[in-house]
Every structure is written in structure tokens, then in C-alpha cells.
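Numbering (the working numbering), first residue to last: 7 to 81.
For glycine and all other residues, C-beta sits at the position ideal for the given N, C-alpha and C.
All figures in this text were calculated on a predicted structure; none of them were measured in a lab.
Read the structure below first, then the notes.
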Amino acid sequence: CETTDVLGRDVPMPYIDSGDLLALLTTGAYGMAMSNNYNQRPRPPEVVVEVDGQTWRIARRRETWDDMVQAEMNL
7 CETTDVLGRD VPMPYIDSGD LLALLTTGAY GMAMSNNYNQ RPRPPEVVVE
57 VDGQTWRIAR RRETWDDMVQ AEMNL
């Protein structure tokens, strides 16, 4: 995300605490296919939620720091 990106305005939400999970549904280009490591931020995991709304699975794990720097060379 960039500082000018907006995923919602005036959306009523409960209090969110550190460590809570937040789902942003139908975010389109914010998926893995269009993501990058701009500002050295690791990519988030991708989760598939089934039609029943209760069943979910991790489709792609969260990227780690090691994942991000694996192609870097010691200069």
C-alpha cells in the first residue's frame, strides 16, 4: 500500500488491538500477483474463505525476511 491508497472510508469497525486479524475482502490488485516488496515490507499470507464463510485455509504463507533477501548478494 502507498500512503494515498484507500481500502475504505467511514467504515464502522470494532476496536482493533495489536495481534488481531483483519480481513480485507475483494481487494483485487492487493493480492500476491500485483504485490512487491516496496519499502521492504514482506508480503502477507493469502487465505481462502469458502462459501460457507466458516471454512478457511492458507493458500500462500506469509513471506519472511529471509524470503525477501534470498536473492541479495553480499557486496
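Using the three-state DSSP reduction, which class does residue i fall into: helix, strand or coil?
i, result
"Val54", "strand"
"Met4", "This structure leaves residue 4 out entirely; the chain is present only between 7 and 81."
"Met74", "helix"
"Asn80", "coil"
"Pro44", "The sequence given here places Tyr at residue 44; Pro does not occur at that position. Residue state, collapsed to three classes: helix."
Identify the residues that DSSP records as bridge partners of residue i: which are they?
i, result
"Arg63", "Val54"
Taking residue i and residue j to be in contact with their CB atoms under 8 Å, please state how far apart those CB atoms are, rounded to whole angstroms.
i, j, result
"Asn43", "Met74", "5 Å"
Evaluate contact between the region 46-53 and the region 64-75, counting only Cβ atoms and requiring at least three cross-stretch pairs below 8 Å. yes
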